[in-house]
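Enquirer: Pasting a structure here, questions to come.
Numbering (the UniProt record's numbering), first residue to last: 1 to 189.
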């Protein structure tokens, strides 16, 4: 899913920090995505849709890492709810179309995320970075400061590898039974 402005450009936390207050919850048993926001009634959106019945919305080119993507508009109810929650007129919730052919560099499908499905952050690399920024040397609580800097990168997976930038050399890594393939270094980072 992706929230877009009236002009079709994706809304990000960089543009609207209130996005961090939206809490999505997937209810597989009910077949819906529930979206909540402080002091508002939540709204639900079906998890499935018929491509034939849905209104296809063309999303602004170059707003998802330069790729043109197509999505399905999730309707006026959730659009109005988002506009009320974020105090911005004309917002729409777009779900990635099953017909969208956006691919990662090795031709695997990719979602509406910027560059990859997940972003991995190595705290050892972040500590190294912190040691290179002079303004950060004076800070007393290094552990709290480390967490703050790690949070700024907005990673999904936080690891502590032994070596600095070691994560850049990984081709695959495993979390439990799930084998994940590494992509390329994040251009944002």
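For glycine and all other residues, C-beta sits at the position ideal for the given N, C-alpha and C.
Can you tell me which of the three DSSP states residue 29 falls into?
Expert: Translated into positions along the chain shown, residue 29 becomes position 29. Correct three-state label for residue 29: coil.
Enquirer: Using DSSP with H/G/I as helix, E/B as strand and the rest coil, what is residue 16?
Expert: Locating residue 16 in the chain shown gives position 16, counting from the first residue. Three-state result, residue 16: coil.
Enquirer: If contact is defined by three or more beta carbon pairs under 8 Å, each pair taking one atom from either stretch, is the stretch 115–131 in contact with the stretch 18–36?
Expert: Taking 8 Å as the limit for Cβ pairs, the verdict is that the stretch 115–131 does not touch the stretch 18–36.
Enquirer: Buried or exposed, going by whether 16 or more other CB atoms sit within 10 Å of the CB of residue 128?
Expert: In the chain shown, counting from the first residue as 1, residue 128 sits at position 128. Answer is exposed; the Cβ neighbour count stays below 16.
Enquirer: Relative to the alpha-carbon of residue 37, which residue among 172, 18 and 147 has its alpha-carbon at the smallest distance?
Expert: Taking the first residue of the chain shown as position 1, residue 37 is located at position 37. Of the candidates 172, 18 and 147, the one whose C-alpha sits nearest the C-alpha of residue 37 is 18.
Enquirer: Can you grab the Cα-Cα spacing for the pair residue 95 / residue 76, in whole Å?
Expert: Position 95 of the chain shown, counting from 1, holds the residue named residue 95. Position 76 of the chain shown, counting from 1, holds the residue named residue 76. Roughly 14 Å separates the two Cα atoms.
Enquirer: Could you pull out every residue in the same chain whose Cβ sits closer than 8 Å to the Cβ of residue 16, ignoring the five residues on either side in sequence?
Expert: Counting from one through the chain shown, the residue named residue 16 turns up at place 16. Cβ neighbours of residue 16 beyond the five flanking positions: 86 and 88.
Enquirer: From the DSSP output, in three-state form, read off residue 124 for me.
Expert: Walking along the chain shown from the start, residue 124 turns up at place 124. If DSSP states are grouped into helix, strand and coil, residue 124 belongs with the helices.
Enquirer: Excluding sequence positions up to five away, which residues of its chain have a Cβ less than 8 Å from the Cβ of residue 31?
Expert: Stepping through the chain shown from its first residue, residue 31 is reached at position 31. These residues qualify, in order along the chain: 46, 47 and 48.
Enquirer: For residue 172, is the classification buried or exposed, using 16 other Cβ atoms within 10 angstroms of its Cβ as the cut-off for buried?
Expert: On the chain shown, residue 172 is found 172 positions in, with the first residue counted as 1. Its Cβ having fewer than 16 others within 10 Å, residue 172 is exposed.
Enquirer: Specify, as a first and last residue, the run of the alpha helix (DSSP H) that residue 78 falls within.
Expert: As a working mapping, residue 78 is identified with position 78 in the chain shown. First-last of the alpha helix (DSSP H) with residue 78: 76–86.
Enquirer: Residue 40 by DSSP, collapsed to three states: which one?
Expert: Position 40 of the chain shown, counting from 1, holds the residue named residue 40. Residue state, collapsed to three classes: coil.
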